[in-house]
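2 protein chains.
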Amino acid sequence: MINQDFKSMLSGKSKIRELSEFATALGEKIGYENVFDYSLGNPSVPVADIYNETIIKLHREMESMPLHGYSPSLGNTEVRRKVAESLKKRFGVPYETKHIFMTSGAAGAIAHAARCVTKPGDEVITFAPFFPEYMQYINRTGANLKVVPANTENFEINFEAFDAMMHKNVQAILINTPNNPSGIAYSEQTIVRLTDYLRAKEKEYAHEIFIISDEPYREICFDNREIPYIAKYYDNTLTCYSFSKSLSLPGERIGYVAVSPKAVDADIIAVICGQISRGIGHNCPASSVQQAVAECLYTTSDLSVYEKNMNLIYDKLVELGFEVIRPGGTFYIFPKALEEDANVFCDKATKYNLILVPSDSFGVKGYFRMAYCIDTEKVVRSLEALETFVKTEYPNR
Amino acid sequence: MINQDFKSMLSGKSKIRELSEFATALGEKIGYENVFDYSLGNPSVPVADIYNETIIKLHREMESMPLHGYSPSLGNTEVRRKVAESLKKRFGVPYETKHIFMTSGAAGAIAHAARCVTKPGDEVITFAPFFPEYMQYINRTGANLKVVPANTENFEINFEAFDAMMHKNVQAILINTPNNPSGIAYSEQTIVRLTDYLRAKEKEYAHEIFIISDEPYREICFDNREIPYIAKYYDNTLTCYSFSKSLSLPGERIGYVAVSPKAVDADIIAVICGQISRGIGHNCPASSVQQAVAECLYTTSDLSVYEKNMNLIYDKLVELGFEVIRPGGTFYIFPKALEEDANVFCDKATKYNLILVPSDSFGVKGYFRMAYCIDTEKVVRSLEALETFVKTEYPNR
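Respectively, the protein sequence lines represent chains A and B. Read in order, the letters of the first sequence correspond to residues 0 to 396 in numbering that gives the first Met the number 0. Read in order, the letters of the second sequence correspond to residues 0 to 396 in numbering that gives the first Met the number 0.
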């Protein structure tokens with residue numbers, strides 16, 4: 000019999016997907032160039048040339064078995080070695096091959112990391128605003144995701160609320176910096192405070208509390224800022240990475256878990272991920288894609304358009320009187336809506352062909368997300384629409 | 000804290016992997032060309048040319064977003080349409096796009112199919128001899144895999160034992176024909192008897208009993224035989240396929256679930272698979288690989304070597320007096336060992352540089368598996384070693 004639990008999920012449609020479908024339908028009616036679709040976080044810049052060149056070269060020159068044959072279940076060994084080496088060079092954390100587990104994107108990475116450090120019934124804590132798929136990623140392991148309310152002052156961590164929610168059954172903290180949806184990169188001060196706190200709690204509870212650090216936006220940072228690398232601050236860190244955004248390869252499903260060499264059981268965590276893999280049908284990302292990204296570890300697509308878009312949007316939002324925190328990275332911005340119910344605000348925006356995502360599903364009310372991975376030319380036109388929208392619908396502000 | 004359940008799995012090493020590692024170590028000592036390694040089912044023939052040509056063409060000519068962007072969560076729509084069309088043409092089952100869910104290989108396909116039609120605590124039945132990873136694939140969903148003892152007369156189905164094990168809580172039957180490890184393709188008579196039986200049980204129990212049909216060896220069949228297509232015989236069939244063997248692409252992790260158009264809830268099962276995907280971190284096979292196999296749906300690698308190898312090995316086994324069923328397909332053969340304990344038999348064989356896998360982990364005692372996806376030249380030399388082994392160790396037969 001069909002699993003009724005999964006069947007019942009079909010009725011609940013994600014707000015983001017609903018809006019994206021609305022945008023597509025609107026585009027068919029009025030021309031897609033006239034729809035200012037800020038709904039989806041789908042990278043808009045082309046793949047880094049070196050990636051396509053490498054794929055072509057591999058398929059021209061390599062023997063079939065080493066290119067297309069089974070990878071070892073933890074990933075291609077030479078690819079893992081190169082990933083470890085690149086992280087060591089870039090961040091000074093002494094990763095070795097054994098600390099790297101290749102995955103199908105960050106979703107695959109989190110699926111393994113979460114199962115590795117929890118058992119059914121355990122709790123995992125994350126901080127609002129947060130990527131709503133985390134609910135599926137964590138709860139479907141059998142553990143429970145709890146969400147700490149947002150610190151709306153700056154979208155860093157609400158430590159008071161966090162402390163009130165901590166207890167002995169919390170086995171992992173899931174963080175995402177730079178953050179989807181806020182665009183905020185946690186300050187070093189926040190990370191030091193968080194990791195000091197967790198070390199104290201590890202002592203108090205007499206068990207490890209792992210940080211699962213979801214870092215697909217690591218390479219998209221603004222104002223020449225350095226994004227602190229979490230594993231440098233906390234030993235029990237499982238870094239989950241995806242090449243989706245840095246190389247514009249989301250559909251190729253390629254990423255990794257990097258286990259801090261100083262984590263408890265660091266030498267066997269990747270092997271445990273391999274065991275987990277057998278039970279969830281993961282069994283490695285595509286071998287050719289693994290081997291191609293291994294040649295692209297020190298490069299990215301041209302990501303500059305995201306900062307350019309951010310500056311245009313941020314300046315216009317400020318000019319129009321929005322409350323908004325300047326993003327430190329990603330391709331998201333998260334302003335406060337101009338009325339209490341962000342759903343009503345975003346509904347009104349659609350009249351101006353602006354597709355904005357209300358913040359409710361990100362775990363905080365009254366804000367909206369704009370995913371500005373779209374052409375700058377369109378951003379410019381959308382800001383005229385935004386101005387008209389605001390001045391027409393909210394004239395007395 | 001590290002999940003102790005997964006951690007404890009690290010001590011249990013698979014016999015196949017152990018033997019494969021032994022073969023590699025032996026190869027380093029005496030030269031790999033002198034090791035007759037029949038342990039691993041890793042396709043030995045090169046990828047079909049059209050696959051590599053398509054990948055190169057796609058990476059040269061396509062825009063970045065349609066090639067590397069996110070697929071819809073059920074897979075690239077045009078790829079799904081082409082897969083449905085090819086199955087309809089080949090087997091006469093009227094699949095449409097909505098019945099196809101793209102997966103990372105057969106492992107990914109079974110992970111979704113099993114979760115779709117069971118809930119934790121349900122039972123799934125399979126038939127010995129069987130691929131031992133099924134234990135992980137099924138038991139890690141929360142359901143329980145039960146194994147019907149082998150019909151050692153011909154390695155078709157032991158219906159008496161099956162009937163004795165059936166009860167109301169059995170929600171799915173997992174079959175694999177042509178079969179790993181026996182090489183047997185179930186006869187049409189077996190399939191008719193099985194499906195008639197299941198339809199009667201569906202009525203008796205008043206719920207569906209799905210067949211999960213694992214078909215990665217569908218294209219490797221011998222003696223010009225037609226392999227019956229299960230979904231033609233039974234409506235509630237979820238066909239799990241992988242291109243690993245037909246195109247020699249095991250590392251690229253590409254396959255699908257095809258939902259019989261006549262299955263209960265046929266129109267939503269693929270959508271349910273998409274929901275399942277979110278919780279296990281699957282989120283689609285690589286987009287470029289999906290698009291490349293869609294151009295290879297009516298072709299295979301040159302698979303003739305497997306039949307050539309089978310004939311050589313089968314004839315020699317018969318000549319040497321082994322009890323053995325002639326395989327109908329795959330690249331496996333499953334003879335009876337020459338002494339009661341197949342482990343002892345296979346241990347002795349290693350003295351002759353023959354790496355054979357004892358049958359215990361396949362759910363039947365006293366047999367051994369040879370995976371003859373190796374060069375024919377090596378098969379010929381191995382048969383001399385086999386003869387020496389048999390005549391030396393078992394002189395009085």
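Ideal Cβ placement from N, Cα and C applies to all residues, glycine included. Source: prediction; values computed, not measured.
Reference residue i, options the options, closest by Cα
{"i": "Phe330(B)", "options": "Lys347(B), Glu318(B), Tyr305(B) and Tyr313(B)", "result": "Tyr305(B)"}
{"i": "Ser43(B)", "options": "Asn51(A), Tyr69(A), Gly26(A) and Thr53(A)", "result": "Tyr69(A)"}
{"i": "Phe242(B)", "options": "Ile211(B), Leu296(B) and His206(B)", "result": "Leu296(B)"}
{"i": "Met8(A)", "options": "Arg59(B), Met101(B) and Cys115(B)", "result": "Cys115(B)"}
{"i": "Asn178(A)", "options": "Gln274(A), Tyr366(A) and Cys220(A)", "result": "Cys220(A)"}
{"i": "Thr401(A)", "options": "Ile109(A), Pro119(A) and Lys244(A)", "result": "Residue 401(A) lies beyond the stretch modelled for chain A, which goes from 0 to 396, so this question has no answer here."}
{"i": "Lys202(A)", "options": "His166(A), Phe161(A) and Pro180(A)", "result": "His166(A)"}
{"i": "Thr246(B)", "options": "Ser63(A), Asp374(A), Leu25(A) and Ala336(A)", "result": "One detail in the question is off: residue 246(B) reads as Leu in this sequence, not Thr. Comparing Cα positions, the closest option is Ser63(A)."}
{"i": "Pro119(B)", "options": "Tyr216(B), Thr102(B), Ser103(B) and Asn138(B)", "result": "Asn138(B)"}
{"i": "Asp121(B)", "options": "Glu207(B), Ala163(B) and Glu251(B)", "result": "Glu207(B)"}
{"i": "Ala262(A)", "options": "Glu95(A), Val356(A) and Lys6(A)", "result": "Glu95(A)"}
{"i": "Tyr482(A)", "options": "Thr117(A), Gly30(A), Gln289(A) and Thr151(A)", "result": "Within the shown structure, residues of chain A are numbered from 0 to 396, placing residue 482(A) beyond reach of any answer."}
{"i": "Glu339(B)", "options": "Ser13(B), Tyr366(B) and Asp346(B)", "result": "Tyr366(B)"}
{"i": "Glu294(A)", "options": "Asp346(A), Ala47(A) and Ala106(A)", "result": "Ala47(A)"}
{"i": "Thr298(A)", "options": "Ser259(A), Arg89(A), Tyr31(A) and Phe130(A)", "result": "Arg89(A)"}
{"i": "Val389(B)", "options": "Leu337(B), Ala341(B) and Asn235(B)", "result": "Leu337(B)"}
{"i": "Asn235(B)", "options": "Gly250(B), Asn223(B) and Ser259(B)", "result": "Ser259(B)"}
{"i": "Ser19(A)", "options": "Ser13(A), Tyr31(A), Ser38(A) and Ile29(A)", "result": "Ser38(A)"}
{"i": "Leu302(A)", "options": "Ser85(A), Ala160(A) and Leu248(A)", "result": "Leu248(A)"}
{"i": "Val123(B)", "options": "Glu84(B), Pro93(B) and Val169(B)", "result": "Val169(B)"}
{"i": "Ile332(A)", "options": "Glu376(A), Gly30(A), Gln3(A) and Asn153(A)", "result": "Asn153(A)"}
{"i": "Val191(B)", "options": "Pro180(B), Glu214(B), Glu155(B) and Tyr204(B)", "result": "Glu155(B)"}
Any C-beta of chain A under 8 Å from that of residue i
{"i": "Glu20(B)", "result": "no"}
{"i": "Thr117(B)", "result": "yes"}
{"i": "Phe5(B)", "result": "yes"}
{"i": "Val258(B)", "result": "no"}
{"i": "Ala110(B)", "result": "yes"}
{"i": "Ala106(B)", "result": "yes"}
{"i": "Met165(B)", "result": "no"}
{"i": "Ile275(B)", "result": "yes"}
{"i": "Ala264(B)", "result": "The amino acid at residue 264(B) is misidentified as Ala; the sequence shows Asp. Yes, because at least one Cβ of chain A sits closer than 8 Å to the Cβ of Asp264(B)."}
{"i": "Leu237(B)", "result": "no"}
Residues near residue i in its chain [Cβ-Cβ closer than 6 Å; skip 5 each side]
{"i": "Val363(A)", "result": "Ala127, Pro128 and Ala149"}
{"i": "Tyr409(B)", "result": "Lying outside 0 to 396, the shown extent of chain B, residue 409(B) is not represented and no answer is given."}
{"i": "Thr349(A)", "result": "none"}
{"i": "Asp36(A)", "result": "Ala22 and Ile354"}
{"i": "Asn157(A)", "result": "Val147, Pro148 and Asn150"}
{"i": "Gly141(A)", "result": "Pro119"}
Chain-order list of residues whose beta-carbon lies under 7 Å from that of residue i (same chain, five-residue window excluded)
{"i": "Leu316(A)", "result": "Val323 and Pro334"}
{"i": "Cys372(B)", "result": "Gly40, Asn41, Pro42, Ser43, Tyr305 and Phe330"}
{"i": "Gly328(A)", "result": "Pro177, Gly182, Ala184, Tyr216, Ile219, Cys220, Phe221 and Ile226"}
{"i": "Ala291(A)", "result": "Tyr50, Thr53, Ile54 and Leu57"}
{"i": "Ala384(A)", "result": "Phe35, Tyr351, Asn352 and Leu353"}
Closer than 8 Å to chain B by CB, residue i
{"i": "Val270(A)", "result": "yes"}
{"i": "Glu251(A)", "result": "yes"}
{"i": "Tyr136(A)", "result": "yes"}
{"i": "Asp301(A)", "result": "no"}
{"i": "Met0(A)", "result": "yes"}
{"i": "Gly278(A)", "result": "yes"}
{"i": "Gln248(A)", "result": "Checking the displayed sequence, the identity of residue 248(A) turns out to be Leu instead of Gln. Leu248(A) counts as touching chain B."}
{"i": "Glu207(A)", "result": "yes"}
{"i": "Ile49(A)", "result": "no"}
{"i": "His58(A)", "result": "yes"}
Same chain, Cβ closer than 8 Å to residue i, neighbours up to 5 away in sequence not counted
{"i": "Thr375(A)", "result": "Val304, Lys307, Asn308 and Leu311"}
Give me the subset of the stretch 62-84 of chain A whose CB atoms are less than 7 Å from a CB atom of chain B, sorted by chain position.
Listed in chain order, the positions of the stretch 62-84 of chain A with a beta carbon within less than 7 Å of a beta carbon of chain B are Ser63, His67, Gly68, Tyr69 and Ser70.
Touching or not, the stretch 49-63 of chain A and the stretch 50-58 of chain B, by the rule of three or more beta carbon pairs under 8 Å?
Touching, yes, given that three or more Cβ pairs across the two stretches are closer than 8 Å.
Would you call the stretch 91-104 of chain B in contact with the stretch 143-159 of chain B, where contact means no fewer than 3 C-beta pairs closer than 8 Å?
When Cβ pairs closer than 8 Å are counted between the two stretches, the stretch 91-104 of chain B is seen not to touch the stretch 143-159 of chain B, the count staying below three.
Would you call the stretch 19-29 of chain A and the stretch 222-241 of chain A touching, i.e. three or more CB-CB distances under 8 Å?
No contact exists between the stretch 19-29 of chain A and the stretch 222-241 of chain A.
Any chance the stretch 65-79 of chain B sits against the stretch 258-275 of chain B, with 3 or more Cβ pairs inside 8 Å?
Segment contact: the stretch 65-79 of chain B against the stretch 258-275 of chain B, three or more CB-CB distances shorter than 8 Å; contact assigned.
Sufficient close CB pairs (3 or more, under 8 Å) joining the stretch 270-288 of chain B to the stretch 340-356 of chain B
No, because fewer than three Cβ pairs between the stretch 270-288 of chain B and the stretch 340-356 of chain B fall closer than 8 Å, the two stretches do not touch.
When Cβ atoms are compared, which residues of the stretch 281-308 of chain A fall closer than 9 Å to chain B?
Per Cβ criterion, the list reads His281, Asn282, Cys283, Pro284, Ala285, Ser286, Ser287, Val288, Gln289 and Ser300.
Using a Cβ-Cβ cut-off of less than 8 Å, give me the residues of the stretch 129-162 of chain B that come near chain A, in sequence order.
Answer in chain order: Glu132, Gln135, Tyr136, Asn138, Arg139 and Thr140.
Near-chain A residues of the stretch 19-42 of chain B (beta-carbon distance less than 7 Å), N- to C-terminal order:
Hits within the stretch, in order: Asn41.
Chain-ordered residues of the stretch 167-180 of chain B with a beta carbon less than 9 Å from chain A
In summary, the residues of the stretch 167-180 of chain B whose CB is separated from some CB of chain A by less than 9 Å are Gln170, in the order they occur in the chain.
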